[in-house]
Structures are given as C-alpha cells and as structure tokens.
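Notes to accompany the following structure.
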Amino acid sequence: MLLQFNNQSIQSQIHLMETQAFVYEGFLTDEECNHLISLAKSELKRSAVADNMSGKSMLSEVRTSSGMFIPKAKDPIVAGIEDKISTWTFLPKENGEDIQVLRYEPGQKYDPHFDYFADKVNIARGGHRIATVLMYLTDVEKGGETVFPSAEESPRRRSVATDKDLSECGKQGPSVRPRKGDALLFFSLFPEAVPDPASLHAGCPVDAGEKWSATKWIHVDSFDKIVGSSGNCTDNNENCDKWASLGECTKNPEYMIGSSDLPGYCRKSCKVC
Numbered sequence: 315m316l317l318q319f320n321n322q323s324i325q326s327q328i329h330l331m332e333t334q335a336f337v338y339e340g341f342l343t344d345e346e347c348n349h350l351i352s353l354a355k356s357e358l359k360r361s362a363v364a365d366n367m368s369g370k371s372m373l374s375e376v377r378t379s380s381g382m383f384i385p386k387a388k389d390p391i392v393a394g395i396e397d398k399i400s401t402w403t404f405l406p407k408e409n410g411e412d413i414q415v416l417r418y419e420p421g422q423k424y425d426p427h428f429d430y431f432a433d434k435v436n437i438a439r440g441g442h443r444i445a446t447v448l449m450y451l452t453d454v455e456k457g458g459e460t461v462f463p464s465a466e467e468s469p470r471r472r473s474v475a476t477d478k479d480l481s482e483c484g485k486q487g488p489s490v491r492p493r494k495g496d497a498l499l500f501f502s503l504f505p506e507a508v509p510d511p512a513s514l515h516a517g518c519p520v521d522a523g524e525k526w527s528a529t530k531w532i533h534v535d536s537f538d539k540i541v542g543s544s545g546n547c548t549d550n551n552e553n554c555d556k557w558a559s560l561g562e563c564t565k566n567p568e569y570m571i572g573s574s575d576l577p578g579y580c581r582k583s584c585k586v587c
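If you read the sequence shown in the numbering used here, its first letter stands for residue 315, the second for the next number, and so on.
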C-alpha cells in the first residue's frame with residue numbers, strides 16, 4: 315500500500331497482528347526523525363507512568379526511559395508530522411496528545427502495559443486513548459523491540475525479522491524491530507469502545523546501541539476541547555505557563571487540569587478552557 319503526504323511516499327503497510335496493529339515503513343523522513351531528536355535532547359526528563367488508582371504521574375521501574383513532549387504547533391516540521399498521523403489514522407488532530415519523544419539507553423525498557431486508562435482523572439480530557447502511533451527515530455543495534463505478548467501474529471504478515479534478529483524479549487509475541495522512519499499503529503479499544511486485551515505491549519530492553527522513538531496517543535474525543543465551566547479558566551500558580559511548556563498538562567493532568575467536578579490549578583495554560 316502506498317500513501318502520499320505532500321508528494322512524500324509511504325512505502326508499505328504490514329498487518330502485524332490478528333487484531334488491530336499495523337506497521338508503515340518509511341513513515342518519517344530522516345530529516346523529520348533527526349528534527350524530533352534535536353528538539354528533545356535538551357529537554358529530556360525521567361519518564362513517568364500514570365497510577366491506576368489516582369491517575370497521578372509517578373516514577374516507576376516499570377518504565378526507565380527519558381522523555382519530553384513537543385507541542386503540536388511547535389514548527390512546520392512538527393505540524394507536518396501531525397498531519398501525516400491524522401491522515402493515516404483517520405482520527406482528528408485535536409484528539410491527539412502532544413508527541414512524546416523518548417530515549418532508551420542500554421538496559422532501559424518499558425514493561426508490559428496498556429495505553430488506555432484505568433482511572434477517571436485521565437479520561438476527563440478526551441476520554442480513553444483509542445490508538446497509539448509509535449514512530450522509530452533511530453535504528454537499534456540489538457533489542458528495543460515493541461512486543462505484544464498476548465497477541466497472535468497475523469498470517470498475512472510477511473517476514474520482517476527472524477528469531478535470530480530478535481532479543482529474547484522480542485520473541486515473546488508479535489514484535490517490531492526499531493528501524494529509523496518506520497511507524498507502528500495499534501488500537502487499544504475495539505470499535506465498540508471495549509478494551510482490546512491483545513493491545514498489551516512492552517518496549518523491550520535495549521541490549522546494544524540507543525533507541526529514540528516518538529509516541530502519539532490519540533483519544534476517542536477531542537483532547538483540546540474545553541473541559542468544565544469557562545468561569546474556571548484561570549491559573550492558580552505563577553509557574554503554570556512554564557510547567558505547561560514542559561508537558562506537565564499531559565504528565566500530571568490531575569493537578570494541572572483536574573476535572574469538571576474539581577478543576578485543576580493550571581487550566582488556562584493547558585488551554586482546556
């Protein structure tokens with residue numbers, strides 16, 4: 315299958331799993347990959363996870379990478395990538411979170427997890443995450459695969475990696491080896507909005523080299539829409555603007571945004587009102 319984005323061709327699509335996962339080869343150009351890495355290098359911080367009970371952002375040994383978020387309208391290159399993602403997924407740009415760029419050094423990984431939320435705090439903005447686009451910004455010498463341990467591989471998938479190519483982690487299910495410019499799309503929910511158990515996935519440890527990737531999480535509803543009453547459109551901390559620019563609206567939504575019942579402290583800077 316061939317897609318065109320402003321005269322740029324996407325080379326091919328691979329149906330990865332029996333359910334809802336696809337790989338596009340050559341989704342990003344070398345220039346786009348290098349640009350995202352360049353934007354991220356000076357802003358990286360230890361990656362966090364959302365607590366299943368409270369929804370709060372917290373550090374965990376489950377996820378040991380470093381990352382940062384790039385605003386949607388950062389520059390024309392980022393805006394062009396946003397357009398590509400929307401065209402591929404048939405989902406509105408406003409439903410997506412900011413792109414998160416991640417760096418994994420040797421030994422770093424992300425244990426098996428789901429991208430949809432189990433708490434009520436994080437779904438207050440845009441509802442559940444329905445889809446994930448994972449873009450690989452570098453090749454990885456060994457390891458670093460994205461693996462789906464609970465899924466079955468599609469019989470229609472052509473061989474893109476042999477067992478010899480994969481790490482032990484990558485052999486636990488259908489997996490994708492990081493290759494610069496390729497992108498993986500998978501859906502966390504079925505069309506009827508029921509979680510798909512086969513969407514359980516992991517970022518395998520990097521055994522050799524360094525892995526850079528960029529993630530776009532897409533929600534069932536607008537992630538940019540107004541939440542709650544416009545009368546609560548205020549910032550209650552002088553640092554809100556700075557925190558928002560560092561991606562805290564996405565990483566710590568309970569404090570920054572809150573909910574319609576309990577507004578957060580930085581709603582104006584997070585542009586949710």
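Just so it is clear, CB atoms sit at the ideal spot from N, CA and C, and this is done for glycine as well.
When we look at the beta-carbon of residue i and count the other beta-carbons within 10 Å, is it buried (16 or more) or exposed?
i	result
residue 336	buried
residue 367	Reliability fails at residue 367, whose pLDDT of 49 lies under 50, so the model's placement of it is uncertain and the value that follows must be treated cautiously. Residue 367 should be labelled exposed.
residue 566	buried
residue 404	exposed
residue 412	buried
residue 568	buried
residue 354	buried
residue 538	buried
residue 352	exposed
residue 552	exposed
residue 451	buried
residue 421	exposed
residue 506	exposed
residue 560	exposed
residue 438	buried
residue 398	buried
residue 387	exposed
Using alpha carbons as the reference points, say which of the options lies closest to residue i.
i	options	result
residue 430	515, 464, 509, 583	509
residue 463	448, 339, 452, 482	482
residue 523	380, 466, 397, 456	456
residue 339	402, 530, 496	496
residue 419	445, 393, 527	527
residue 334	445, 552, 400, 563	445
residue 424	533, 381, 577	381
residue 442	426, 504, 395, 461	504
residue 518	410, 427, 395	427
residue 440	493, 535, 485, 343	535
residue 480	461, 498, 494	461
residue 533	400, 521, 389, 520	400
residue 349	389, 478, 493	389
residue 499	359, 529, 586, 478	529
To which residues of the same chain is residue i closer than 6 Å at the C-beta, ignoring the five residues directly before and after it?
i	result
residue 583	549, 554, 555, 558
residue 465	331, 487, 488, 512
residue 383	412, 414, 561, 564
residue 484	459, 461, 518
Which whole-angstrom value describes the C-beta separation of residue i and residue j, a residue pair presumed to lie in contact below a C-beta threshold of 8 Å?
i	j	result
residue 489	residue 501	Wrong, their Cβ atoms sit about 17 Å apart, outside the cutoff.
residue 491	residue 467	Rounded, the Cβ-Cβ distance is 14 Å, inconsistent with contact.
residue 454	residue 525	5 Å
residue 531	residue 394	In fact, because the Cβ distance is near 19 Å, the residues do not count as touching under 8 Å.
What residues in its chain sit with their C-beta under 8 Å from that of residue i, if we drop five residues either side in the sequence?
i	result
residue 345	391
residue 341	324, 398, 402, 449, 495, 496, 497
residue 579	549, 550, 551, 554, 569, 570, 572
Take residue i and list the residues in its own chain whose beta-carbon comes closer than 7 Å to its own, dropping the five residues that flank it on each side.
i	result
residue 379	361, 416, 417, 418, 422, 424
- Message: Please give the ranges of any beta strand (DSSP E) in the stretch 464-527, keeping only runs that are unbroken, at least 3 residues long and fully inside the region.
- Response: Here the runs fully enclosed are 497-501, 515-517, 520-522.
- Runs of beta strand (DSSP E) wholly within the stretch 380-427 (minimum 3 residues, chain order): For secondary structure counted as the beta strand (DSSP E) over 3 or more consecutive residues, the stretch 380-427 holds these complete runs in sequence order: 380-384, 413-418, 424-427.
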